[in-house]
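Chains as they are written, first to last, in the numbering used here: chain A, -8 to 494; chain B, -4 to 300.
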């Protein structure tokens, strides 16, 4: 039978997945991006310095990542040196947003796949917040109105956590996490101006000064977030893993992995990053080469040429194109399908033995869960990888904030050249993000973004190879083909962002 | 602009939809205790959007977003928070949009691809189909953010989808129900949530150019803490400088919003305080023209105008 999983909720944007289920197994899956705006078209002819503002509006969940990627690309195109403060401030803004994004994903977007919200009715304690939730759910269910306790009910049928205490704890953490996410974003906005859509980020740095009062508040907020990551988030991820151990085997993608590396340790172009870049193909990690990235469009709604390299990319929408089933292109690395995201980020750093904290966390958790590091390629592996990233980034930010020089410059005096080009690569929380800018006559002549969910939710490429998420879904056993809780958990583990994927 | 007569009429129709008795009597109503059984239901849909407005709504501090969607309203559907997905989610949305699930208010984030309906699809219909249905059944519409209120970035010059604001979409169709614009890219969470509070406790807020006067009654420049620098001609010469940011292209003089007094992200910060020129994100002309860039780096570069 054929079942559409969409509209898929608790993600960013407009995603449908068209599935075929035979004998209780997903035999085919097609990811369909269903919203298109055309950023690369309307960026042409604009002032280059508009780009880090315009491209943030690709995605309001991870705008910081686009601002950073665009800034890196412009830095290369302008050929301007970055002062140490500038790079540190970029890191402080981006890193704090990563922390918020991991918590948002686990608690608000993914948790309701596992947590039984109705368990709150059995709550006997005296916590005022939980009592309020209990009374609210009770009143809603007794009200006789249509769809009581929305948006938390109705839900898909499936096996939720049975342990009442665990459920109630998770409901409390759902609410607590909102407050902690708010604080992580407040920290980033101290230097970014506001969140979402930071106005103070520019190529080479940031307009805010590293005043001692601001640094102190930033550090205090991040300490609070870090505490929550260790005391609450990591234990909750472990509890979900303990309750659903079969999800270490479910949802593996069937290709390679790609990470551009995250958070540069110095202003030097191409210098070391907190998480090391690399592409993992056939069991070995290789250096990333942007020239090997191409984008197939036979199954996407465009009539522009297929298989172009990033710097040659063009975009002509063809909404009625026969057989195309998505607005998402199919990026490939050396012709190969790869997964991007937290699991790629962690595995690629781990396999290179790069960051000792990553190594230690991967090995500690793998031993506890009795898994091999390669099983990070799974539903639970993606959740665990986010938690590992959160722990590593929080520690780094506290050290990084102390490296600011309150007397030093925070950005260069920008000079936009008549012509130039640049690549800017970073890791959004959802994975590898690449921006390319070409400037002619002081204006943007070409702009191209290859975004995490473009990789993960890509349709079939021109050879017919499924994208990462499609490949993770195909072969999945589902208890109820109509509701497919298993498939929804797989999709959520990728944390898809459709506004990013298509843009 | 609506006149006072129309305003009272709208306020009355709105209050009927929310089950608020004896309106317009703002003072008495403001003291009214909220009845959890009759708080307005919100159906929230996204078009050509980035979800930034929704993410901003989660940054609310007092009251928190969770309080807003349980005590002051009921969030019947929101794609980012709803547990249900797939066909059952579509059924829920359609129950409301057909009027079967009772009165509700429609919140819309994002622009409408007017010449390319395939550019935004939810389930089995283009986004505009949902706008039409909601237009017929909702008690009123709140356009959340600049894309929904003015077109914003998806409607930038050269865009291929013919994007227009949801507000224009409704206005062109002669929409006669309350239509409240909350611009901002993104809007401050207070602008949206406190408008909901106003609707619940008092009724329709006073509007200027379709947006609540309480938040959008004054230009940013007029309330800017750096107005003194402007008067004394202490101008920032390059990005990162203190002083009035006007000569770097600051659009505070053209943008109506209360950022200078409200501040952002828990009252911690706002653009001007970080020396970042206002880019006019709440303005009707935000990001629309290629030859009107956000910044003016130096006078001689003449990148603007």
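Just so you know, even glycine gets a beta-carbon here, dropped at the ideal spot from N, CA and C.
Computed from a predicted structure; not experimentally measured.
**Q.** residue 282 (chain B), buried or exposed, once every other Cβ within 10 Å from all chains shown has been counted against 16
**A.** Burial is judged here by how many other beta carbons sit within 10 angstroms of a residue's own beta carbon; residue 282 (chain B) has at least 16 and is buried.
**Q.** CB contact below 7 Å: residue 44 (chain A) versus chain B
**A.** Answer yes: the Cβ-Cβ gap between residue 44 (chain A) and chain B drops below 7 Å somewhere.
Q: Could you tell me whether any Cβ in chain B is nearer than 7 Å to the Cβ of residue 493 (chain A)?
A: No, no contact with chain B.
Q.
Quick check on the DSSP output: what are the complete beta strand (DSSP E) runs of length 3 or more inside the region 362 to 434 of chain A, in order along the chain?
A. Here the runs fully enclosed are 411 to 419, 422 to 431.
Q. Near residue 148 (chain A), what residues of its chain come up, given a Cβ to Cβ distance below 8 Å and the 5 sequence neighbours on each side ignored?
A. Here the set comprises 471, 474, 476.
Q) Is the shortest distance between the beta-carbon of residue 281 (chain B) and the beta-carbons of chain A less than 7 Å? A) Residue-level contact check: residue 281 (chain B) does not touch chain A, since none of the beta carbons of chain A fall below 7 Å from its beta carbon.
Q. If you measure from the beta carbon of residue 370 (chain A) to each beta carbon in chain B, is any gap under 7 Å?
A. Not closer than 7 Å to any Cβ of chain B, the Cβ of residue 370 (chain A) fails to qualify, so no.
Q. Just to confirm, are residue 243 (chain B) and residue 290 (chain B) a CB contact at a threshold of 7 Å?
A. A contact, by the Cβ cut-off of 7 Å.
Q: Pick helix, strand or coil for residue 202 (chain A), following the three-state DSSP scheme.
A: Assignment of residue 202 (chain A) by DSSP, reduced to helix, strand and coil, places it in the coil class.
Q: Please check if any C-beta of chain B sits within less than 7 Å of the C-beta of residue 97 (chain A).
A: Not one chain B Cβ lies under 7 Å of residue 97 (chain A).
Q. For the region 251 to 268 of chain B, which residues have a CB atom closer than 7 Å to at least one CB atom of chain A, in sequence order?
A. Residues of the region 251 to 268 of chain B with a C-beta less than 7 Å from any C-beta of chain A: 259, 260, 261, 263, 264, 265, 266, listed in chain order.
Q. Between which two residues does the beta strand (DSSP E) containing residue 36 (chain B) stretch?
A. Taken as a continuous stretch (DSSP letters only), the beta strand (DSSP E) holding residue 36 (chain B) covers 36 to 41.
Q | residue 322 (chain A) (DSSP reduced to helix, strand or coil) | A | Here residue 322 (chain A) carries a strand assignment [DSSP, helix/strand/coil].
Q.
Mapping the DSSP letters down to three states, classify residue 338 (chain A) as helix, strand or coil.
A. Secondary structure of residue 338 (chain A) (DSSP, three-state): helix.
Q: Count the C-beta pairs between the region 177 to 188 of chain B and the region 273 to 287 of chain B that are closer than 8 Å, then say yes if the count reaches three, no if not.
A: The region 177 to 188 of chain B is in contact with the region 273 to 287 of chain B.
(Q) Looking at residue 499 (chain A): is its Cβ nearer than 7 Å to the Cβ of residue 336 (chain A)? (A) Past the edges of chain A, shown from -8 to 494, lies residue 499 (chain A), and the structure says nothing about it.
Q.
I'd like the list of long-range same chain contacts for residue 87 (chain B), defined as Cβ closer than 7 Å, with 5 residues on each side in sequence excluded.
A. Within the same chain, residue 87 (chain B) has close Cβ partners 72, 79.
Q) Where does residue 73 (chain B) sit, in a helix, a strand or coil, going by DSSP? A) Residue 73 (chain B) falls in the strand class under three-state DSSP.
(Q) Please list, in chain order, the chain A residues whose beta carbon lies closer than 7 Å to that of residue 311 (chain B). (A) Because chain B in this structure spans residues -4 to 300, residue 311 (chain B) falls outside the shown range and cannot be described.
Q | Helix, strand or coil at residue 25 (chain A) [DSSP, three-state] | A | Residue 25 (chain A): coil per DSSP, three-state reduction.
Q: Can you tell me which of the three DSSP states residue 307 (chain A) falls into?
A: Assignment of residue 307 (chain A) by DSSP, reduced to helix, strand and coil, places it in the coil class.
**Q.** Any 3 or more C-beta pairs closer than 8 Å across the region 426 to 439 of chain A and the region 480 to 493 of chain A
**A.** Contact between the region 426 to 439 of chain A and the region 480 to 493 of chain A is absent, because fewer than three Cβ pairs lie under 8 Å.
**Q.** Nearest residue (CA-CA) to residue 185 (chain B), options B:288, B:259, B:285
**A.** Minimum Cα distance to residue 185 (chain B) is reached at B:259.
Q | residue 3 (chain A), enclosing beta strand (DSSP E) - first and last residue | A | No beta strand (DSSP E) contains residue 3 (chain A), which DSSP labels as neither H nor E.
Q | Segments assigned alpha helix (DSSP H), at least 4 residues, entirely inside the region 34 to 98 of chain A | A | Restricting attention to alpha helix (DSSP H) runs no shorter than 4 residues, the region 34 to 98 of chain A encloses them at 42 to 45, 54 to 69, 75 to 94, ordered along the chain.
Q | Residues of the region 132 to 162 of chain A whose Cβ lies closer than 8 Å to any Cβ of chain B, in chain order | A | Cβ contacts with chain B come from 134, 136, 137, 138, 141, 142, 143, 144, 145, 146, 147.
Q. From the DSSP output, which residues share a beta bridge with residue 122 (chain A)?
A. DSSP lists no partner for residue 122 (chain A).
Q) Is it true that the CB of residue 60 (chain B) sits closer than 7 Å to the CB of residue 70 (chain B)? A) No, the pair does not count as a contact, with Cβ atoms beyond the cut-off.
**Q.** 7 Å Cβ cutoff, residue 285 (chain B) in contact with chain A
**A.** Judged by the 7 Å Cβ criterion, residue 285 (chain B) is in contact with chain A.
Q. Which residues in the same chain have their Cβ closer than 6 Å to the Cβ of residue 149 (chain B), if we skip the five residues on either side of it in sequence?
A. Sequence-distant Cβ neighbours of residue 149 (chain B) in its own chain, meaning closer than 6 Å and more than five residues away, are 43, 106, 142, 158.
**Q.** Assigned exposure category for residue 264 (chain B) - 16 Cβ within 10 Å defines buried
**A.** Residue 264 (chain B) is buried by the Cβ-count criterion.
Q: Please list the partners that residue 22 (chain A) has in chain B, where partner means a Cβ-to-Cβ separation under 8 Å.
A: Going along chain B, no residue has its Cβ under 8 Å from residue 22 (chain A), so there is no contact; the nearest lies around 14 Å.
Q.
Pairs of beta-carbons, one from the region 359 to 377 of chain A and one from the region 337 to 348 of chain A, closer than 8 Å: are there three or more?
A. Counting Cβ pairs under 8 Å, three or more are found: they touch.
Q) Looking at C-beta atoms only, is the number of pairs between the region 380 to 390 of chain A and the region 31 to 48 of chain A that lie closer than 8 Å three or more? A) Short answer: they don't touch.
Q | Short-range partners of chain B found in the region 258 to 273 of chain A, where Cβ spacing is below 7 Å | A | Going along the region 258 to 273 of chain A in chain order, one finds no residue with a Cβ nearer than 7 Å to chain B.
(Q) I'd like the list of long-range same chain contacts for residue 192 (chain B), defined as Cβ closer than 7 Å, with 5 residues on each side in sequence excluded. (A) In the same chain as residue 192 (chain B), and ignoring 5 residues on each side of it, the C-beta atoms closer than 7 Å to its own belong to 67, in chain order.
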